[in-house]
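These notes concern the structure reproduced below.
There are 2 protein chains.
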Amino acid sequence: MTMQDILQKAKAAAKKAAALTTKQKNDILLQMADALTCSAENILRANEQDLQNAQGVLPTVMLDRLRLDEKRINAMADGIRQVAALPDPVGVVLEQNCLKNGLTVQKIRVPLGVIGIIYESRPNVTSDAAALCFKSGNVCILRGGKDAYHSSKAIVDILRGVLQKAGVDENFISLPADTSRQSATQLMTAVGYVDALIPRGGKGLIQSCVENAKVPCIQTGTGICHIYVDKQADFQKALTIIHNAKTSRPSVCNAAEVCLVHQDIAQAFLPLLQEKLTNVELRLDPIAHSIIGGKQASETDFDTEFLDYILAVKVVQNAQDAIAHIGEHSTGHSDCIITEHEQTANTFVAFVDSAAVYVNASTRFTDGGEFGKGCEIGISTQKLHARGPMGLEELTSYKYIVRGNGQIR
Amino acid sequence: MTMQDILQKAKAAAKKAAALTTKQKNDILLQMADALTCSAENILRANEQDLQNAQGVLPTVMLDRLRLDEKRINAMADGIRQVAALPDPVGVVLEQNCLKNGLTVQKIRVPLGVIGIIYESRPNVTSDAAALCFKSGNVCILRGGKDAYHSSKAIVDILRGVLQKAGVDENFISLPADTSRQSATQLMTAVGYVDALIPRGGKGLIQSCVENAKVPCIQTGTGICHIYVDKQADFQKALTIIHNAKTSRPSVCNAAEVCLVHQDIAQAFLPLLQEKLTNVELRLDPIAHSIIGGKQASETDFDTEFLDYILAVKVVQNAQDAIAHIGEHSTGHSDCIITEHEQTANTFVAFVDSAAVYVNASTRFTDGGEFGKGCEIGISTQKLHARGPMGLEELTSYKYIVRGNGQIR
Chain A
0 MTMQDILQKA KAAAKKAAAL TTKQKNDILL QMADALTCSA ENILRANEQD LQNAQGVLPT
60 VMLDRLRLDE KRINAMADGI RQVAALPDPV GVVLEQNCLK NGLTVQKIRV PLGVIGIIYE
120 SRPNVTSDAA ALCFKSGNVC ILRGGKDAYH SSKAIVDILR GVLQKAGVDE NFISLPADTS
180 RQSATQLMTA VGYVDALIPR GGKGLIQSCV ENAKVPCIQT GTGICHIYVD KQADFQKALT
240 IIHNAKTSRP SVCNAAEVCL VHQDIAQAFL PLLQEKLTNV ELRLDPIAHS IIGGKQASET
300 DFDTEFLDYI LAVKVVQNAQ DAIAHIGEHS TGHSDCIITE HEQTANTFVA FVDSAAVYVN
360 ASTRFTDGGE FGKGCEIGIS TQKLHARGPM GLEELTSYKY IVRGNGQIR
Chain B
0 MTMQDILQKA KAAAKKAAAL TTKQKNDILL QMADALTCSA ENILRANEQD LQNAQGVLPT
60 VMLDRLRLDE KRINAMADGI RQVAALPDPV GVVLEQNCLK NGLTVQKIRV PLGVIGIIYE
120 SRPNVTSDAA ALCFKSGNVC ILRGGKDAYH SSKAIVDILR GVLQKAGVDE NFISLPADTS
180 RQSATQLMTA VGYVDALIPR GGKGLIQSCV ENAKVPCIQT GTGICHIYVD KQADFQKALT
240 IIHNAKTSRP SVCNAAEVCL VHQDIAQAFL PLLQEKLTNV ELRLDPIAHS IIGGKQASET
300 DFDTEFLDYI LAVKVVQNAQ DAIAHIGEHS TGHSDCIITE HEQTANTFVA FVDSAAVYVN
360 ASTRFTDGGE FGKGCEIGIS TQKLHARGPM GLEELTSYKY IVRGNGQIR
């Protein structure tokens with residue numbers, strides 16, 4: 000099937016997807032979850048092929064993103080089950096008013112329609128995105144990267160098999176075989192076919208979408224996340240949180256990339272930080288370098304999403320200075336302050352304009368699952384439509400239904 | 000000031016705008032309203048200049064959009080007072096959860112930031128947009144059309160005067176002097192400066208934004224609105240509603256452009272329609288033409304926003320056929336069914352996928368003021384972010400504030 004065929008079939012399927020009942024959708028989702036675990040071997044075989052192709056091509060942290068095992072497949076299936084268990088957002092009456100002139104105005108939640116997703120090498124995105132789009136009454140076109148193609152194809156084949164068996168349109172979920180740049184561009188410019196485009200991936204992909212998309216698009220994911228250690232920080236909390244935010248999974252967007260340290264505690268704190276992060280390369284600004292020595296930060300290090308065991312470290316004058324630095328260098332994903340001082344914390348959360356602003360907790364929590372959304376289709380770093388982790392509700396729109404008895408204006 | 004200067008000043012002003020208190024904003028808005036009525040003469044003088052320049056250049060209905068009088072200026076001032084009276088959306092806690100791990104997650108409403116508005120020849124857009132952006136804590140850049148430049152400039156000068164007198168940043172509201180296509184393009188591509196772009200105007204402007212915008216953009220306004228007269232319609236209601244929707248203000252986007260008539264009643268209804276709409280040119284499909292004669296519709300008439308005393312008329316087989324026609328030809332703005340049959344009405348509102356779907360009422364009600372939003376900054380015809388009339392809440396985003404005590408993942 001060409002992309003044009005896929006787009007046409009998706010558009011035609013959208014009306015049918017919007018009309019599915021909650022029970023129909025949940026039954027099918029549970030069948031999808033079971034089918035994934037039952038066919039785990041097929042998925043692992045396909046994944047092995049992807050891993051072999053990627054060997055020596057992708058860096059180690061990227062291979063980690065690509066690799067599936069039974070545990071991760073079970074997690075994918077559990078993710079789908081969690082989506083099935085969540086309330087159906089479609090049809091919910093968001094507002095209802097009776098106007099003075101007797102008109103009743105209802106605002107009700109409806110699916111977006113056709114959602115295009117462009118992503119890279121994480122095959123679990125395939126099942127997460129498909130489940131969330133399906134539950135929210137949407138049709139999805141999953142334009143995955145070539146690195147994970149075989150894994151994604153195995154997953155989508157299983158999901159479409161379930162749709163077919165259930166007697167509904169299998170075009171609710173599609174995966175174009177063409178993983179070229181051209182197919183991505185086709186999806187970005189499919190005005191009239193795609194109601195929302197969600198890119199998930201690195202800076203290059205996101206920028207390409209921002210540059211080229213002519214359909215409504217949500218900028219997601221790039222995370223240059225900061226942790227600011229205030230002069231009134233609890234050092235133990237600070238060390239534990241930074242260690243977790245940097246090293247628990249460095250390849251993901253909610254991992255910390257930059258640590259800012261208040262000048263009054265830098266002398267005491269930085270040696271402890273160095274000691275805690277033995278497997279992390281610290282890239283130090285001149286003041287931090289004068290205190291603990293080591294590798295000096297280059298100019299670009301405070302604007303880089305390392306996605307690796309690297310942390311840029313800078314000494315700042317105070318919380319205002321930290322807020323200003325974050326305002327200039329953050330991608331608006333997740334930023335954190337470690338402090339025991341309530342007022343400083345309040346100032347920080349008021350003036351840091353990011354999707355998630357933390358006080359004394361790891362930035363790694365910015366995640367649909369952690370935020371109670373079941374799973375997520377991406378983390379928006381723009382302000383229009385949705386911000387932060389996007390779950391079911393963020394995949395819907397609404398319409399107004401106005402009922403009258405001959406009213407005119 | 001160049002557009003680049005304006006963008007930089009706007010971005011710097013955004014943080015200050017977000018920090019204004021509700022009282023500060025309301026006091027300033029009331030002063031703005033008073034200042035507009037007090038300086039009505041200045042505005043009318045500037046408007047006269049615009050009207051003279053437009054004489055013989057713009058068609059009559061466009062001159063109507065451009066023309067101001069004391070009544071319209073008072074309406075603008077009242078619009079601002081209504082905005083002042085509305086609740087402040089900023090800072091509202093939308094959700095609050097305590098997670099099992101002890102984290103508290105708050106979702107709070109925040110301003111979008113810098114809003115770019117590109118519009119054409121309606122000077123009242125200037126004051127509406129400025130008031131709504133200001134109340135919602137946003138900074139606005141009002142790129143008005145050259146036809147209304149003097150009127151808009153007079154209005155913005157008054158508003159900025161009030162800001163200056165109040166001791167706050169006058170760059171909360173700006174109007175570029177450059178009304179060239181290039182300045183519009185600069186605004187559309189100001190990535191990193193503009194958080195949301197809202198075009199208000201005709202098809203050409205909207206398409207240009209969809210094609211060229213690299214900043215998040217909301218498609219607004221083009222309205223090919225349909226009224227379907229069902230076989231179980233009350234003819235009197237149908238005639239009154241169509242007359243109102245077509246002729247009360249034909250130059251606006253919520254005016255009806257197409258009338259679909261059930262075949263079973265066409266013979267009886269069409270002569271009455273013709274009689275009622277004496278000042279409207281009917282463009283008839285072959286069946287309607289065979290019944291009442293007159294001007295035949297061309298191929299494009301069912302895809303044209305006439306914005307004039309013209310109505311395309313088509314006879315359809317049944318409600319399904321009407322829904323299908325609307326699905327194919329509507330711009331997703333406002334569509335209406337006239338019927339006394341509840342089930343047919345329910346099917347229509349369920350399957351017509353437009354921002355506002357009406358039963359037995361004029362499409363002219365699709366309006367922020369009518370919907371209780373005070374006034375409006377535009378009517379979204381896309382599904383992402385906002386749909387239908389956009390008021391204060393639609394000019395905001397949200398952020399998550401997560402407070403912990405050392406939690407890690």
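First to last, the protein sequences are chains A and B.
Counting with numbering that gives the first Met the number 0, you get residues 0 to 408 for the letters of the first sequence.
Counting with numbering that gives the first Met the number 0, you get residues 0 to 408 for the letters of the second sequence.
Just so you know, even glycine gets a beta-carbon here, dropped at the ideal spot from N, CA and C.
Starting from residue i, trace the alpha helix (DSSP H) in both directions and tell me its first and last residue.
i                       : result
glutamate 327 (chain B) : 318 to 328
lysine 152 (chain B)    : 148 to 164
valine 60 (chain B)     : 59 to 65
arginine 44 (chain B)   : 39 to 53
proline 270 (chain B)   : 262 to 275
serine 182 (chain A)    : 180 to 187
Looking only at its own chain, which residues have a Cβ that is under 7 Å from the Cβ of residue i, when we skip the five neighbours before and after it?
i                        : result
aspartate 63 (chain B)   : Ser250
proline 88 (chain B)     : Arg108, Ser135, Leu391, Glu392 and Thr395
isoleucine 325 (chain B) : His225, Asp334 and Val351
glutamine 266 (chain A)  : Ile290
alanine 12 (chain B)     : Val138, Asp168, Asn170 and Phe171
Go ahead and pull the three-state DSSP assignment for residue i.
i                        : result
arginine 282 (chain B)   : strand
serine 289 (chain A)     : helix
lysine 106 (chain A)     : strand
alanine 360 (chain A)    : strand
serine 126 (chain B)     : helix
lysine 230 (chain B)     : coil
methionine 0 (chain A)   : coil
alanine 212 (chain B)    : coil
leucine 196 (chain A)    : strand
proline 88 (chain A)     : coil
proline 175 (chain B)    : coil
histidine 225 (chain B)  : strand
histidine 242 (chain A)  : helix
asparagine 170 (chain A) : helix
leucine 259 (chain A)    : strand
threonine 36 (chain A)   : helix
asparagine 137 (chain B) : coil
arginine 248 (chain A)   : coil
valine 56 (chain B)      : coil
arginine 80 (chain A)    : helix
arginine 409 (chain B)   : No information on residue 409 (chain B) is available, as it lies outside the stretch 0 to 408 that chain B covers here.
Going by beta carbon distance, what residues of the same chain come within less than 8 Å of residue i, once the five residues before and after it are set aside?
i                        : result
valine 91 (chain A)      : Ile107 and Arg108
asparagine 411 (chain A) : Since the first residue of chain A shown is 0 and the last is 408, residue 411 (chain A) is not available in this structure.
glutamine 95 (chain A)   : Thr103, Val104, Gln105 and Lys106
leucine 50 (chain A)     : Leu62, Leu65 and Arg66
asparagine 211 (chain B) : Thr184, Met187 and Thr188
asparagine 278 (chain B) : Thr246 and Tyr308
glutamate 304 (chain A)  : Gly201, Lys202, Thr221, Gly222, Ile223, Cys252, Glu256 and Thr330
Report, in whole angstroms, the separation of the C-beta atoms of residue i and residue j, which I expect to be a contact under 8 Å.
i                        : j                        : result
aspartate 194 (chain B)  : isoleucine 264 (chain B) : Incorrect: roughly 50 Å between the Cβ atoms, too far for contact.
arginine 386 (chain B)   : lysine 213 (chain A)     : Wrong, their Cβ atoms sit about 19 Å apart, outside the cutoff.
isoleucine 336 (chain B) : valine 358 (chain B)     : 6 Å
isoleucine 117 (chain A) : leucine 57 (chain A)     : Contact doesn't hold; Cβ gap of about 18 Å is too wide.
The beta strand (DSSP E) with residue i in it runs from where to where?
i                        : result
isoleucine 348 (chain A) : Residue identity check: residue 348 (chain A) is valine in the sequence provided, not isoleucine. It is not in any beta strand (DSSP E) - valine 348 (chain A) instead sits in the alpha helix (DSSP H) that spans 341 to 350.
threonine 395 (chain A)  : 395 to 406
aspartate 334 (chain A)  : 333 to 337
glutamate 217 (chain B)  : First, the residue type needs correcting, since residue 217 (chain B) is isoleucine and not glutamate in the sequence shown. Taken as a continuous stretch (DSSP letters only), isoleucine 217 (chain B) belongs to no beta strand (DSSP E), as it is neither H nor E.
glycine 377 (chain A)    : 377 to 379
Can you give me the Cβ contacts of residue i inside the same chain, cut-off strictly under 6 Å, excluding the 5 residues immediately before and after it?
i                        : result
alanine 30 (chain B)     : Residue identity differs from the one stated: residue 30 (chain B) is glutamine in this sequence, not alanine. Cβ within range, chain order: Val161.
glutamine 48 (chain A)   : His149
valine 367 (chain B)     : It should be noted that the sequence gives glycine, not valine, for residue 367 (chain B). Cβ neighbours of glycine 367 (chain B) beyond the five flanking positions: Cys374, Glu375, Pro388 and Gly390.
alanine 296 (chain A)    : Arg282, Leu283, Asp284 and Ala311
isoleucine 286 (chain A) : Val314
proline 175 (chain B)    : Met2, Ile5, Arg142 and Ser182
tyrosine 227 (chain B)   : Leu259, Ala321 and Ile336
arginine 248 (chain A)   : none
If the cut-off is 8 Å on Cβ atoms, which residues from the segment 81 to 99 of chain A count as contacting chain C, listed in chain order? In the structure shown, chain C does not exist; the protein chains are A and B.
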